[in-house]
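Numbers 280 to 660, taken from the working numbering, label the letters of the sequence shown in order.
Written out below as structure tokens is the structure these notes cover.
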Amino acid sequence: MINKAKAFGIRGIVLIILLLVSGTYSYGQTTFIKHYSTKDGLPSNSCYFILQDKKGYIWVASDAGVSRFDGKVFETFSVDDGLPDNQIIRLNEDRSGRIWFSSLNGQLSYFKNGIIYNESNDNLLKLLKFNGVVTSFFEDSKGSIWFGTNKNLLARWDGRFLTKYTSVNPSSQFINTFIYEDQSGRIWASSAHCLRIFDGKTFNKTTFHISPLSYRTAKNLPDKTMYFLDREGLNFKNGTQQQLTMKIDSSLLADNPGYFYAENKHDLWLTTGSGVYHLEADGTKTHYLHNLTTNQVTKDTRENMWFATSNGIYMLPKKSKRVYIVDNYHGLSNNIVKSVLKDHSGKLWLGLENGKINILSKPDYKINKIDLPDQKKIQQH
């Protein structure tokens with residue numbers, strides 16, 4: 280059944296502060312990331328995919344159903360509401376506004392106008408049975424929807440008919456095929472075995488070559504270009520032209536990379552088995568959600584970053600709205616702040632418990648610690 284639960288925001292005072300003996304220390308800070316879990320209304324903490332639809336709702340796929348979030352309340356849908364399986368691994372929205380659910384048991388369903396459609400109430404879905412998991416989804420410029428599966432099968436539905444493509448050649452099968460349409464309208468099919476171009480009736484091998492690490496590490500862009508990750512790093516493809524735009528450390532690419540988000544050719548958010556990495560053009564590498572399996576990252580229309588993980592979902596606000604936390608872990612003498620004063624240069628003077636004074640400088644968050652000679656006297660007052 281549909282379950283609604285309210286997600287309460289964190290209330291309270293966030294103190295940005297700082298450590299011992301006179302001197303200057305550079306410790307950095309932690310970025311506050313909003314966490315949503317079963318405590319906030321999610322049906323499970325094992326989350327695989329996040330999608331923001333055209334209406335602004337945030338959809339979350341998990342191993343216990345799908346949730347729709349309006350910023351306050353999670354509304355959860357399960358098999359009781361029409362899902363063919365509670366384990367939903369991928370979400371897509373087509374041009375007509377249908378939200379498609381790809382399930383672990385291979386059965387497709389979609390949501391439209393408050394109703395979940397499955398093969399019992401939509402004859403279309405009786406056709407879309409592939410005896411495999413749908414791993415990729417693409418709607419081309421003519422309105423046809425392409426489904427890649429984890430079997431030797433690629434399917435195209437044009438609104439009336441379903442066409443299936445397979446290969447008897449073991450070296451050129453359609454397993455986990457990713458579909459890309461270039462700016463001239465050509466359809467490309469990339470799998471672990473080969474790259475093909477569609478001639479309108481069938482697929483033919485091409486001498487061009489791309490090697491995404493997996494179906495999760497290729498992404499179509501609205502302007503009919505694409506990004507993909509290979510063993511070297513981030514690549515940009517525009518028709519027959521492609522280039523390596525960002526080299527990436529092999530250790531990151533070997534750490535089970537998931538769905539990524541590219542800000543541009545030189546700015547990448549990468550999910551891995553040990554957290555999320557933001558790789559920037561100037562070489563800056565920021566690691567978020569340390570040691571947490573992350574499956575997907577996406578950006579919403581307000582420029583917030585969302586992460587689907589094995590421990591719920593996380594939201595990192597846009598850069599201008601972020602809150603940074605500095606505590607004793609990062610260099611403060613202690614976490615009990617008695618007073619705060621901002622001087623003419625913008626530095627924060629922090630009066631801490633036990634007579635400690637720390638001075639915080641921005642933007643580098645360096646800490647200058649002042650050791651008072653007579654702390655007992657101060658404490659008596």
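Where a beta carbon is used, it is the ideal one built from N, C-alpha and C, also for glycine.
According to the DSSP assignment, L651 belongs to no alpha helix (DSSP H), since it is labelled neither H nor E. Y494 carries a helical assignment under DSSP once its states are collapsed to helix, strand and coil. Boundaries of the alpha helix (DSSP H) around S529: 529-532.
Annotation: the continuous beta strand (DSSP E) that includes N514 extends over 512-517.
Taking C-alpha positions only, N400 is separated from A533 by approximately 43 Å.
Put simply, of L513, G518, T588, R581 the residue whose alpha carbon is nearest the alpha carbon of T551 is T588. Under the Cβ criterion (8 Å, minimum of three pairs), the region 342-351 counts as touching the region 317-327.
Contact between K544 and T524 holds: their C-beta atoms lie close to 4 Å from each other, under 8 Å. Of E398, S469, L492, the smallest CA-CA separation from W425 is found for S469. Excluding sequence positions up to five before and after G438, its CB lies within less than 8 Å of the CB of G422, S423, all in the same chain and listed in chain order. Secondary structure remark: continuous alpha helix (DSSP H) runs of at least 4 residues inside the region 616-647: none found. Taking the CA atoms as reference points, Q462 sits about 14 Å from F515. Taken through DSSP and simplified to helix, strand or coil, K333 comes out as coil. Following the DSSP letters along the chain, one finds L404 inside the alpha helix (DSSP H) bounded by residues 402-406.
Non-local beta-carbon contacts of N517 in its own chain, meaning distances under 6 Å to residues more than five positions away in sequence, involve T504 in chain order. Across the set W436, L432, T481, the C-alpha of L432 shows the shortest separation from the C-alpha of F453. For N570, there is no enclosing beta strand (DSSP E), as DSSP gives it neither H nor E.
The straight-line gap separating the alpha-carbon atoms of S493 and T456 is approximately 9 Å. Per DSSP, N583 lies in no beta strand (DSSP E) segment and is marked neither H nor E. DSSP, reduced to helix, strand and coil, places K578 within a strand of the structure shown.
Beta bridge pairing from DSSP links D546 with N543.
For Y538 against Q575, the beta-carbon gap comes to about 4 Å, under 8 Å, which counts as contact. Runs of the beta strand (DSSP E) spanning 3 or more residues and lying entirely within the region 395-470 occur at 413-418, 424-428, 433-436, 441-444, 457-460, 466-469, in chain order. Here D478 carries a coil assignment [DSSP, helix/strand/coil].
With a cutoff of 8 Å on beta-carbon distance, D359 and S382 are scored as not near each other. F409 is positioned such that its CB atom lies no closer than 8 Å to that of N371. Under DSSP, T485 takes part in no beta bridge, so it has no partner. With fewer than 16 other CB atoms across the displayed protein chains lying within 10 angstroms of its CB, E511 is exposed.
Beta-bridge partners assigned by DSSP to I368: none are found. In this chain, the beta strand (DSSP E) harbouring I378 covers 378-382.
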